[in-house]
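Chains as they are written, first to last, in my numbering: chain A, 1 to 289; chain B, 1001 to 1504; chain C, 2001 to 2322; chain D, 3001 to 3322.
Beta carbons are placed, not taken as given, at the ideal position from N, Cα and C, and that holds for glycine.
Below: one structure, written as structure tokens.
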Amino acid sequence: ACNRGTEAEAGSATLAVSTLNNPFFVDLRDGAEAEAEAQGIDLSVVDAQNDSATQANQLATAATNGSAGLIINAVDTETAEAGLAPVVEAGLPIVAVDRAVGDTKIASFVASDNVAGGEQAAKALAESLDGKGKIIVLEGVPGASATNERGEGFDKGLAEYKDIEVVSSQTANFDRAEALDVVTNLMQANPDATGILAMNDEMALGAIQALGDKAGKDVKVVGFDGTEDGFKAVEDGTLVATIAQNPAELGKQSVQILAKAIKGEEVEANVQVAVDTVDEKNIAEYAGE
Amino acid sequence: MGNDALLVLDKVCKSFGPVQVIDEVTVEVHAGKVSVLLGENGAGKSTLIKMIAGVHEPDAGRILMDGKAVKIPNTKASEALGIATIHQELNLVPSMTIAENITLGRVPRKFGIINRRAMRQIARDAMDKLGLKLDVDTPVGELGLAQQQLVEIAKALSLDARVLILDEPTAALTKSEIAHLFSVVNTLKAQGVGMVFISHHLDEIAEIGDFVNVLRDGKFIATVPADTEENELVRLMVGRDIDAQFPRVATEPGEQPLLSVKNLSDGMLKDISLEVRPGEVVALAGLMGAGRTELIRAIAGADKYSSGSVAVNGKKLASFDVAAATRAGIGHVPEDRKTQGLVLDASVAENIGYATMASTAKSGLVDRKGQKARAQQVAERLRIRMGSIDAPIRSLSGGNQQKAVFGRWFTAGAKVLLLDEPTRGVDVGAKVEIYELINEITASGGCVLMASSELPEVLGMSDRVLVMSQGRIAGELATEEATQDAIMSLAVSNVHREEEMGTK
Amino acid sequence: MSSVATAPKKGFDFKAFLANNGALVGLVILCLALFIATPRFLTGPNLLNIGIQVSTIAVMAFGMTFVIVAAGIDLSVGSVAALSAMGSSYAITTAGLPDGLSIPIGLAVGALCGWVTGAMSAYGKLPTFIASLAMLTVVRGLTLVISDGRPISTSSSVSWLGDDLGPIPMPIVILVVSGLLAAFVLNRTVIGKNAFAVGGNTEAARLSGIPVKRVLVTVFVISGVFAALSGMILAGRLDSAQPTLASGYELDAIAAVVIGGASLSGGVGRISGTLIGALVLAVIRNGLNLLSVSAFWQQVVIGAVIAIAVGFDVLRRKNVKH
Amino acid sequence: MSSVATAPKKGFDFKAFLANNGALVGLVILCLALFIATPRFLTGPNLLNIGIQVSTIAVMAFGMTFVIVAAGIDLSVGSVAALSAMGSSYAITTAGLPDGLSIPIGLAVGALCGWVTGAMSAYGKLPTFIASLAMLTVVRGLTLVISDGRPISTSSSVSWLGDDLGPIPMPIVILVVSGLLAAFVLNRTVIGKNAFAVGGNTEAARLSGIPVKRVLVTVFVISGVFAALSGMILAGRLDSAQPTLASGYELDAIAAVVIGGASLSGGVGRISGTLIGALVLAVIRNGLNLLSVSAFWQQVVIGAVIAIAVGFDVLRRKNVKH
Ligand SMILES: Nc1ncnc2c1ncn2[C@@H]1O[C@H](COP(=O)(O)OP(=O)(O)OP(=O)(O)O)[C@@H](O)[C@H]1O
Ligand SMILES: Nc1ncnc2c1ncn2[C@@H]1O[C@H](COP(=O)(O)OP(=O)(O)OP(=O)(O)O)[C@@H](O)[C@H]1O
Ligand SMILES: O[C@@H]1[C@H](O)[C@H](O)CO[C@H]1O
Ligand SMILES: [Mg+2]
Ligand SMILES: [Mg+2]
């Protein structure tokens, strides 16, 4: 139910997400769709399946398909700039969500700070280990901006703890099943590791499966995202902490801001959605919401 | 021959696209009789029997079995009617064993589980009928062409059919296997099996046939008794007389050998030395598995050899390098046109042109016009029967395909022709065309080394005969003194070998 | 003829053994190298790890072996694993069916997917590459639609597939049992023989009255069922069915079959070979992790080892032929 | 029983045209359906979009056509595209070589990768599936190693490949030029004809004196060069070479070739067919976006349309044969 008219389509917009193969982005989409419905906006969602070029194609299509505005969750910060060129040319207002889009002139950027979040995650793990011990890092998709930025945050955060040693840093591509095998193997190689720092909850949950009974007791795991399963693991005590982004809120706010921008109203250039460290202390506030 | 016919093809027709291949042909098969189909390459023999085998359905006409009209839409239906078919082209699974191939499609089983002992037994029984003693667990791909042909025959025999169709079963066989096959055919005759037999060897017709149905251009010409004179059969078949079946014009051979092979050994080949001079046709004779094919392939560069050398015009050739051999003027007509000779989906013109494509190309561009013209020319000379020069070679009859492979090397101007059963499946008329081309090559200073299991061809077309036995050259005979007995006694000079091959 | 007919058997033929087990040599060398490189490799727990890790790809590859033997290829196995796992969990966790139905439903989903792929190629005449590529996309899409992109918790019977049976992890038990079953069907039953015949020479099979189309459908159904089993093992280990489960696994499964000595042009293949192929892949991954090779270099090494392992196989076979 | 049916047909043979252009019919139907469904489809800007979008896969698939015609398969093209794009950018942006060398370096990287794959399969006797699968992994690993997992800005000459040439986007210009070149080489030169012969029957080609090994290496080099070009177009459009660039594109490229009527068993294939195949894929994607079909359902539809498009082709060809 879209694109019926040829003009006056202030009512339609496109949301280009990097991937929907991850509950995080599904939540983001749901938040955006709910808000769009409330505002009477016809929101069309396209999924780039984590491929920059696919996203560039989708952006080019968005520029000509009658959308009045665009929300982009970039696959990659750097390439988004080139991909967005046709949208900029078409003069549509752009809102970036979750990931930056380089120097492109946009109406607003709605995100949580991955570098800061990475730093918080590192601190949470270090604290739970009393500032010492050997840890394993699980990296995201190589080359993805979230991977690079969180890595940067991890480094910053761990810099303060001289007695913590990263014995191995490997990718599990943000994927739960892959993390399961990688952690199983790494624990074999490093039986004395006591901590696992994962760049998202999916990998943290895979690690927990691999650790079995040791999870939360002999080996502490910290994740990132605050997905439903992640919170459940914090409740169960198998996950020490997760850095909760609020994807639904990210989606909701980006639609609100885009709606304003389409109408030509002033909007805030930078909207920071809070990132919280969720651990056993404050889990009650998050779980089951 | 009236009403006791087992199977009747009644005024059947068949077209492929616009080409009518079978035009109102009627053929009868009688219990205990061998009905021969005779015709030139492309006359429609295989197409006709494929209607009985369930491969093609006739466009018009009826098929009667025991006087009742039947439909044979697929091979299962054909088998269910008690018809077994040995097709002209081999239909075996190379990766499977002899036993598995013989029982293909009807393995003995219980609840879907294979009874391997019973399977082997069926295979062994079938092999015994032909007097073959090969290990039934040998993968078929490891067998030579002749042995594969025998497995194919064994497979059909094991069906215990009422009607047996044999489409050129003898083309790849030597005398002794043919004799074995014929004794089986005679036994089957006595048991009342009706048979259809196709062969281009006219001498076999009188030996095994009862009556002959002659086809020409897809039309029925006549039914005559099998003891009709050969010349008469030829006339019915090709519509004209053929003066000489073996028109060999011997030339005075040159002094220096054009092809010389020295101390070649590998696998079963043992220390082979031979020379062929310009203007000569040298035949390689021997029993099945004597190593003729292996020798020819080694000389052609198709297979590696471990020691010895091959030289053309005194220049040594690199081992295992067909391209080099080709450049030196060697042309190789392989044993099995289907797997080694032809790109079946490519056109006739392309297949003829492969050996000249690179050499006639200008700065990497294929000379398309020239290639086609050359192919057209040789196709006409060899009377290749085809829709057009651009038709896929797959659509040609077996004999015409064989002519195309030969034409490739004639076009390439090969000086040293290595022929492995060059006229397998070729009709009497077309054979003469091929022989004349051989004469032309020798007359212009080329030479020919020809492995052939057809004794008349060996005797009629060669200047010298080399007889092979178990990978060695057992002896040489001048063609004038070569008789069947002389050749055989050299060929079996290794008795152990003979027993192993089960040809006794 | 009352003779003993067959050729005399000459004791244990070592060369022939190598010829049939080329990849095995690669595997042994690989293991030796790892044994020397790290003491962590040859330990009981690590071997169990490898066993568990190999199970998913191996089980998938067992089914794939049938398809490849029949000269087909099945790119959809990864997606089918995901849909089956998702379906088996959805039916219980979300739709509330009794738990006992979970595994049968998963297997049925796999069989159905395989049937569709097989029918497309047998009756629709699509090349198997295209039919299964289309299914790869369709089935992954359906998995996402059902799950709405979120993981679903597995039913308890599927979770059980990821647990232990006494001291032995269930995935290893399933690996062994399904391997034996697959080998039996492939070598001893008409289904298996027909697959070899169709793959070895379709035309000859057809002329011998083998129902070529039915055989094609059957091998894809088998592949689908094994893929489903593999998907449920994976979900069992994760206690959750993921929408992205097993994505990209098809290439690993095919590689395992080919490393194991099968030919993509059909007619050749063995379950034991496939198992060895899957082990080669699992051991490389395990070893590189043990040696903490950097993630980027791991990929370089894995590729090289695949080439070398198959290279060994090719070499062995050539040596024996001549 | 007079045979009227045998009259040869003259003039334009529509059936034969369909037989040779089966996928084209699928494409036309697809376009008609989209034209009816949405006014946005048949607009100048959207057609240019499709042109740009099809260029990457099509250029890659042109090279792939050579490999498939020669009965091989090249799974490494996506990785090779990434390494070439990365190499061409790295050499200029990071290593400081003159900008003019950027594209030649990229193409050379592609050729080298293709050469290695080809040599592995021609001289190392690896099945092309395995050789190129190994390369897929190795080359992607090297790309990550060079870039350390981060994108690199492209050189200005590579960026230019993503710009416009007057009113026409460069990717479309390259698409057309490289398509004509590929068609010429495939149909008119010895290289192309040899590829057909080798793919049609390797043994017959060899026995005719065609240098089979050299042909195999050549087709892979061609595939590598086209993959490199495709990678640089992509990098040019994105103004940056990504380590994950073009990953998974191999399946799309192969699908384009097969949709275009080529056979994976070799000996058959046409560049125009490949272009149509790539267009089918691009038009589906574009259309589904225009229609805002939900992302999950898009995958389901894409798979189905691939199957249907190839199905059309099969149907046409069958109709004409008899
Ligand atoms: N599938 C096909 N498509 C087109 N033409 C065909 C097909 N099969 C056979 N033909 C044509 O039908 C004619 C008869 O072929 P057939 O194979 O029956 O000849 P044949 O008498 O068996 O010849 P040979 O002695 O060479 O085996 C030939 O001209 C051949 O080109
Ligand atoms: N690829 C192969 N693998 C194993 N053995 C083979 C192979 N090819 C041929 N042989 C065997 O080598 C021996 C020589 O075969 P070759 O084909 O050279 O004989 P031939 O004299 O040409 O006889 P014919 O062609 O009548 O069978 C035979 O015993 C054959 O079984
Ligand atoms: O923020 C998101 C999530 O952490 C997800 O798990 C991976 O991609 C990132 O952009
Ligand atoms: Mg015939
Ligand atoms: Mg021979």
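Measure from the alpha carbon of residue i to the alpha carbon of each residue in the options, then state which is nearest.
i        : options                                   : result
L1064(B) : S1046(B), I1083(B) and K1076(B)           : I1083(B)
G1475(B) : R1062(B), L1274(B) and N1186(B)           : L1274(B)
I1473(B) : T1360(B), D1321(B) and R1292(B)           : R1292(B)
V1196(B) : K1045(B), T1251(B) and F1320(B)           : K1045(B)
A1060(B) : S1015(B), G1067(B) and L1081(B)           : S1015(B)
K3213(D) : T3117(D), A3023(D) and V3258(D)           : T3117(D)
A159(A)  : K105(A), D98(A), A126(A) and G237(A)      : A126(A)
A1451(B) : E1436(B), E1142(B), V1467(B) and R1277(B) : V1467(B)
A274(A)  : Q120(A), Q39(A), A179(A) and D201(A)      : Q120(A)
L3161(D) : I3172(D), V3138(D) and L3245(D)           : I3172(D)
G117(A)  : A244(A), G251(A) and N270(A)              : A244(A)
L2027(C) : S2292(C), L2107(C) and I2284(C)           : I2284(C)
C1447(B) : M1127(B), F1246(B), S1078(B) and G1413(B) : G1413(B)
Looking at residue i and ligand 4, is the gap between the Cβ and the nearest heavy atom below 7 Å?
i        : result
S3265(D) : no
Q1402(B) : no
D1420(B) : no
D1167(B) : yes
Between residue i and ligand 1, is the CB less than 7 Å from at least one heavy atom?
i        : result
L1396(B) : yes
K1045(B) : yes
G1341(B) : no
R1385(B) : yes
G1061(B) : no
D1427(B) : yes
Q1088(B) : yes
F1016(B) : yes
N3286(D) : no
Would a C-beta distance cut-off of 8 Å place residue i and residue j closer than the cut-off?
i        : j        : result
L1317(B) : A1324(B) : yes
K2054(C) : L2279(C) : The sequence given here has Val at residue 2054(C), not Lys. Taking 8 Å as the Cβ cut-off, V2054(C) and L2279(C) qualify as a contacting pair.
D1023(B) : L1145(B) : no
G131(A)  : D163(A)  : yes
A2071(C) : S2208(C) : no
A124(A)  : V240(A)  : yes
L3238(D) : A215(A)  : no
T1138(B) : A1123(B) : no
I1384(B) : V1348(B) : yes
A3195(D) : F3035(D) : no
V2221(C) : A2122(C) : no
S168(A)  : L197(A)  : no
Quick one: does the C-beta of residue i sit closer than 7 Å to a heavy atom of ligand 7?
i        : result
Q1148(B) : Ligand 7 is not among the ligands present in this structure, which contains only ligand 1, ligand 2, ligand 3, ligand 4 and ligand 5.
TODO: Check whether the stretch 1279–1290 of chain B touches the stretch 3161–3168 of chain D, taking contact to mean three or more Cβ pairs, one atom from each stretch, closer than 8 Å.
DONE: no
- [ ] Report yes or no: do three or more beta-carbon pairs, one from the stretch 82–90 of chain A and one from the stretch 100–108 of chain A, lie closer than 8 Å?
- [x] yes
Task: Contact between the stretch 2281–2297 of chain C and the stretch 2105–2123 of chain C (3+ Cβ pairs under 8 Å) - done: no
- [ ] Tell me, please, whether the stretch 2074–2082 of chain C touches the stretch 2242–2261 of chain C by the rule of three or more beta-carbon pairs shorter than 8 Å.
- [x] Touching, yes, given that three or more Cβ pairs across the two stretches are closer than 8 Å.
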